[in-house]
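Trainee:
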Amino acid sequence: MATDKGKEWTLQDHQEKVKFILTDKTLTPHQVTYALAAVGRDLLATPGMAPDVEGDYIMMKEKGWICDLNEGHVTYMPRYILPDYGRLMEKGSVFLRLSPPKTLLDAITALLAMYASVPSVTHFPVYIGRLDRLLEPYVEKEMEKSGGEDSSYEMIKMFLRTIDRTIFDSFSHGNLGPEDSKTARLILRAERELQNSTPNLTLLYDPQITPDELAVLAVETALDCAKPSFAKDSMFRAELGENYGIASCYNGLPVAGGAYTLTRLILARVAEGSKNKEDFMNHTLPWAIDTMMAFMDAKIDFLVKEAPFFRANFLAKEGFVRPDRFNGLFGLVGMNECVNILMEREGKEGRFGFDVGADNLALEIMDFIKARVDRHENPHCSYWKGRFMLHAQVGTDADIGISPGTRIAIGREIPLYEHIRHAGLFHKYFPSGTGDIFPFDSTAGKNPEAVLDIFKGAFDSGMRYISTYSKDSDVIRITGYLVKRSDMDALEKGEAVLNDTVVLGLTSRQKSKIEERKVRKVEEE
Amino acid sequence: MKENLKAPVHKILNHSIVDGRGNRTAVFLQGCNFNCAYCHNPETIDPMDPKADITWMTPTQVVNRVLANSPFVRGVTVSGGECTLHPEFLRSFFEEIKERGQGRGPGGGDLTTLIDSNGSYDFKQNPQLLCVTDGVLLDVKESDGKTHMELMGASNVQVMDNLVFLAKAGKLEEVRTVVVPNRMDVENILETVADLLGEYAKETTYRLIAYRPVGVRKEMLKSLKVPTKEKMEELKSLALELGFGKVILT
Chain G
14 MATDKGKEWT LQDHQEKVKF ILTDKTLTPH QVTYALAAVG RDLLATPGMA PDVEGDYIMM
74 KEKGWICDLN EGHVTYMPRY ILPDYGRLME KGSVFLRLSP PKTLLDAITA LLAMYASVPS
134 VTHFPVYIGR LDRLLEPYVE KEMEKSGGED SSYEMIKMFL RTIDRTIFDS FSHGNLGPED
194 SKTARLILRA ERELQNSTPN LTLLYDPQIT PDELAVLAVE TALDCAKPSF AKDSMFRAEL
254 GENYGIASCY NGLPVAGGAY TLTRLILARV AEGSKNKEDF MNHTLPWAID TMMAFMDAKI
314 DFLVKEAPFF RANFLAKEGF VRPDRFNGLF GLVGMNECVN ILMEREGKEG RFGFDVGADN
374 LALEIMDFIK ARVDRHENPH CSYWKGRFML HAQVGTDADI GISPGTRIAI GREIPLYEHI
434 RHAGLFHKYF PSGTGDIFPF DSTAGKNPEA VLDIFKGAFD SGMRYISTYS KDSDVIRITG
494 YLVKRSDMDA LEKGEAVLND TVVLGLTSRQ KSKIEERKVR KVEEE
Chain R
38 MKENLKAPVH KILNHSIVDG RGNRTAVFLQ GCNFNCAYCH NPETIDPMDP KADITWMTPT
98 QVVNRVLANS PFVRGVTVSG GECTLHPEFL RSFFEEIKER GQGRGPGGGD LTTLIDSNGS
158 YDFKQNPQLL CVTDGVLLDV KESDGKTHME LMGASNVQVM DNLVFLAKAG KLEEVRTVVV
218 PNRMDVENIL ETVADLLGEY AKETTYRLIA YRPVGVRKEM LKSLKVPTKE KMEELKSLAL
278 ELGFGKVILT
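Protein chains in written order, with this note's numbering: chain G, 14 to 538; chain R, 38 to 287.
1. Taking C-beta pairs closer than 7 Å, name the residues in chain G that R:GLY140 reaches, listed in chain order.
2. By the 10 Å Cβ neighbour count, where 16 or more other Cβ atoms means buried, how is R:THR150 classified, buried or exposed?
3. Under 9 Å, CB to CB, which of the residues in the region 101–117 of chain R have a partner in chain G?
4. Any Cβ of chain R within less than 8 Å of the Cβ of G:LEU49?
5. Short check: CB of G:THR59 to CB of G:LYS312, under 8 Å?
6. For R:ASP171, which option in R:TYR243, R:MET186 and R:GLY112 has the closest C-alpha, if you only look at C-alpha atoms?
7. Looking at the secondary structure, which residues open and close the beta strand (DSSP E) in which G:THR276 lies?
8. Please return the same chain residues whose Cβ sits closer than 7 Å to the Cβ of R:LEU42, not counting the five positions on each side in sequence.
9. Going by beta-carbon coordinates alone, are R:THR81 and R:CYS69 separated by less than 8 Å?
10. Name the DSSP bridge partner or partners of G:PRO267?
11. Who are the near neighbours of G:GLY19 in its chain, counting only those whose CB is closer than 7 Å to its CB and skipping five residues on each side?
12. Cα-Cα, which of G:GLY507, G:SER474 and G:VAL516 is closest to R:ASN108?
13. If you follow the beta strand (DSSP E) that G:VAL386 is in, where does it begin and where does it stop?
14. Is R:GLN165 buried or exposed, if buried means 16 or more other CB atoms sit within 10 Å of its CB?
15. For the region 74–100 of chain G, which segments carrying the beta strand (DSSP E) assignment without a break, of at least 3 residues, lie completely within its bounds, in sequence order?
16. Is the CB of R:GLY252 under 8 Å away from at least one CB in chain G?
17. Determine, for G:LYS441, whether the minimum Cβ-Cβ distance to residues of chain R falls below 8 Å.
18. Going by beta-carbon coordinates alone, are G:ILE479 and G:SER247 separated by less than 8 Å?
19. Less than 8 Å between CB atoms is the rule here; does R:PRO143 satisfy it with respect to chain G?
20. Could you tell me which chain G residues have their CB closer than 9 Å to the CB of R:HIS52, listed as they occur along the chain?
21. Rounded to whole angstroms, what is the Cα-Cα separation between R:ARG102 and G:VAL66?
22. Please report how far the alpha carbon of G:PHE323 lies from the alpha carbon of G:VAL317, in whole angstroms.
23. With DSSP collapsed to three states, give me the class of R:PRO108.
24. So for G:ASN326, helix, strand or coil by DSSP?
25. Can you find a CB in chain R that lies within less than 8 Å of the CB of G:HIS27?
26. Quick check on the burial criterion: 16 or more other C-beta atoms within 10 angstroms. Buried or exposed for G:THR36?
27. Considering only residues of the same chain and omitting the five flanking positions on each side of R:ARG141, which have a CB-CB separation below 7 Å?
28. G:PRO392: buried (16+ other C-beta within 10 angstroms of its C-beta) or exposed?
29. Hey, how far is the Cα of G:LEU517 from the Cα of R:ARG61?
30. Verify the CB distance criterion: does R:VAL55 have a CB-CB separation below 8 Å to chain G?
31. Can you tell me the Cβ-Cβ gap for G:HIS536 and R:HIS52, rounded? I've got them flagged as a contact below 8 Å.
What follows is the structure, encoded as structure tokens:
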């Protein structure tokens with residue numbers, strides 16, 4: 014029983030939706046296909062939910078308390094998959110009829126072939142591997158053979174360009190570091206030349222391992238084309254183990270694993286639906302948390318037991334992923350607005366980011382959520398000791414007046430160091446991902462060491478993930494993913510664009526003041 | 038006594054990326070012994086300006102402000118005005134930064150100390166100050182003495198002396214020249230500086246700052262021209278040809 018705002022959809026409703034999709038001139042053929050697939054999927058109800066809990070879930074979904082992030086009622090494929098691409102390099106793949114690559118050209122084409130068979134909620138791979146570790150042996154061999162770096166650079170550039178033109182989704186994410194390598198430097202150079210929104214990139218940064226020279230190069234690259242972001246490698250490794258990756262927007266997940274599902278609680282809406290803080294903490298919030306976890310349990314159960322992925326898909330059969338390295342992600346957004354609503358209802362003036370009382374309320378809410386989520390057991394989440402992992406969801410184009418995760422709202426930014434320290438209060442709660450964005454004036458390109466100093470300070474202040482871009486770059490970071498300004502302009506004029514994520518970026522630009530994000534100037538008092 | 042040692046602080050910028058390498062806290066002191074035509078903050082020239090919003094602060098008070106920005110800043114740059122008008126304050130301030138700033142920088146580094154100066158102070162006479170100074174951002178405003186006097190109202194003899202002395206002492210963090218194309222022969226300045234530095238030129242960073250009328254006194258505006266982008270690029274090429282290790286255009 015598909016419902017939308019209390020009304021059960023009829024066959025005619027579905028037919029009209031299909032016609033709308035088929036006649037939309039801004040959709041490419043692929044985008045039409047994916048939209049039609051979602052229509053089919055949404056004909057099913059979530060199996061295995063008790064009717065009263067399902068009723069609560071539908072009610073909360075319609076009130077906007079809970080959001081399924083385009084997974085619909087049924088998840089038949091893990092939302093995020095992080096294959097162990099190293100296995101492809103070592104052993105090849107039977108299903109893909111690929112033997113272990115021998116040359117750089119062999120390696121990059123093997124990876125491109127494999128990417129086409131890695132699904133996700135976006136239908137494209139959200140993780141394309143630790144590119145420098147995968148390719149460095151081949152790059153070294155090619156450099157030795159050719160006596161220089163030109164041929165390696167060309168191949169790396171063509172590899173990255175092909176990713177952008179065949180993976181139409183900026184949630185596709187590659188990793189670099191923490192160690193220095195020729196490959197990492199070639200990738201950074203190529204990204205500056207290409208100026209593409211895909212792939213997303215993160216430098217797994219450890220100041221004990223990553224030389225400053227590489228880190229500064231990464232900062233310069235980010236100021237030019239909005240990537241790479243920086244992840245605090247030591248923090249992620251301590252929580253997730255050595256073999257982890259950053260996927261999709263900024264999600265820390267195990268390699269050879271991933272996430273079954275990510276569902277999110279829109280805290281601001283739950284607060285709106287609460288009489289006061291007491292009602293929120295004792296009634297609406299725990300009710301919403303429990304309902305969401307029941308929904309997640311049901312979806313994960315279907316995915317593991319009834320959907321064929323873990324039994325039939327080559328990724329599982331050939332050991333590129335293991336079922337015991339998947340987990341459920343409990344997401345949340347809108348902490349800023351939630352706290353402000355509750356403070357107002359309590360008759361208090363303090364606001365999130367500006368008042369210790371308000372910030373302490375946010376921490377109290379986080380501690381409550383964490384404790385309740387940690388008490389819940391899911392039998393398929395052995396990776397995280399039977400619990401769901403908390404995730405600061407990065408927002409969607411539908412979030413008008415709802416800030417991502419625990420971020421301070423755009424337009425309400427506070428002085429730089431205070432802002433970073435504030436972010437650092439919350440990052441510890443989210444091993445599966447959170448992040449903050451600090452764009453700089455383009456003059457920062459002349460002193461990238463300064464931006465690196467700030468990143469180091471940020472990691473020493475509790476942050477785990479930080480991004481930047483300069484206000485003049487064509488590629489910008491929306492909330493976690495990248496989009497080209499020129500693509501958004503084209504789509505706004507009614508032209509079709511290749512990349513699926515542009516429409517999300519455009520809606521965010523129109524409705525969520527993305528371009529009004531505070532640009533940090535060269536000097537600040 | 039240290040407690041009685043105070044300096045007139047015009048402004049403190051917690052976050053600056055244009056006052057030396059890395060992210061720094063910049064402290065601006067009131068009062069200057071030059072009177073440059075193109076000065077973009079002329080309100081800092083008169084030490085007794087009644088309109089200036091000055092706070093007299095002890096070294097410890099300023100150190101506390103810098104440390105509050107830990108671990109985001111690599112160090113502190115003192116500028117102005119002309120901060121070398123307060124050499125005892127500077128020395129005391131830097132000594133305390135060295136003492137209390139250990140491990141307080143990004144990634145656990147020690148805080149560094151830079152002076153932004155018009156070069157009028159004889160640094161040779163104050164080895165204790167230099168000892169706690171990691172570098173000097175030296176303004177070489179004009180190599181021609183006559184033009185220097187016309188534009189800045191002061192001699193450049195000490196400046197040129199400092200140029201060589203600081204380079205040899207390993208304390209020349211940066212050489213800076215504001216480019217006003219119609220009032221100075223910048224090519225000549227570059228050639229003279231390169232010549233004086235000799236082998237030290239390749240270790241030297243040269244910052245060429247395009248003159249901008251922002252903040253400049255109204256009566257000076259007519260006689261000062263903004264350099265074109267092409268002119269700045271030409272000067273950069275020349276500077277690199279002359280052997281400077283790094284050339285930055287601002």
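Where a beta carbon is used, it is the ideal one built from N, C-alpha and C, also for glycine.
Mentor: Answer, in terms of the structure:
1. Within chain G, not a single residue places a beta-carbon under 7 Å from that of R:GLY140; the smallest gap is close to 11 Å.
2. Flag for R:THR150 reads buried.
3. So the list reads ALA105, ASN106, SER107, PRO108, PHE109, VAL110 and ARG111, given in the order they occur along the chain.
4. Contacts with chain R at 8 Å (Cβ-Cβ) do not include G:LEU49.
5. Yes, these two residues count as a Cβ contact at 8 Å.
6. Answer by Cα proximity: R:GLY112.
7. For G:THR276, the enclosing beta strand (DSSP E) has its first and last residue at 270–279.
8. Taking C-beta separations shorter than 7 Å and ignoring five residues to either side along the sequence, the partners of R:LEU42 in its chain run THR95, PRO96, GLU125, PHE126 and SER129, following chain order.
9. Taking 8 Å as the Cβ cut-off, R:THR81 and R:CYS69 qualify as a contacting pair.
10. Beta-bridge partners assigned by DSSP to G:PRO267: G:TYR257.
11. With a pLDDT of 46 at G:GLY19, under the threshold of 50, the modelled position of that residue is not reliable, and the figure given next carries that caveat. Correct list, in chain order: GLU75.
12. Checking the sequence shown, residue 108 of chain R turns out to be Pro, not Asn. By alpha-carbon distance to R:PRO108, the top candidate from G:GLY507, G:SER474 and G:VAL516 is G:SER474.
13. Counting along the chain, G:VAL386 falls outside any beta strand (DSSP E), though it belongs to the alpha helix (DSSP H) covering 369–388.
14. R:GLN165 comes out exposed.
15. For the region 74–100 of chain G, the full-length beta strand (DSSP E) segments reaching 3 residues or more read 93–95 along the chain.
16. At a cut-off of 8 Å between beta-carbon atoms, R:GLY252 makes no contact with chain G.
17. So no, G:LYS441 is outside the interface.
18. Taking 8 Å as the Cβ cut-off, G:ILE479 and G:SER247 do not qualify as a contacting pair.
19. Yes, R:PRO143 counts as interfacial toward chain G.
20. Here the neighbours are PRO428, LEU429, TYR430, ALA463, ILE467, ARG533, LYS534, VAL535, GLU536, GLU537 and GLU538.
21. Whole-angstrom Cα-Cα distance: 55 Å.
22. The straight-line gap from Cα to Cα measures roughly 7 Å.
23. DSSP places R:PRO108 in coil when its eight states are reduced to three.
24. DSSP, read as helix, strand or coil, puts G:ASN326 in coil.
25. Not one chain R Cβ lies under 8 Å of G:HIS27.
26. Classification for G:THR36: exposed.
27. Cβ neighbours of R:ARG141 beyond the five flanking positions: LEU104, SER107, PRO108 and LEU148.
28. Exposed, because fewer than 16 other Cβ atoms sit within 10 Å of the Cβ of G:PRO392.
29. If you take the alpha carbons of G:LEU517 and R:ARG61, they lie about 37 Å apart.
30. It does; some Cβ of chain G falls within 8 Å.
31. Reading the sequence as shown, one finds Glu at residue 536 of chain G and not His. Between G:GLU536 and R:HIS52 a beta carbon distance of about 7 Å is seen, short of the 8 Å cut, so the two are scored as contacting.
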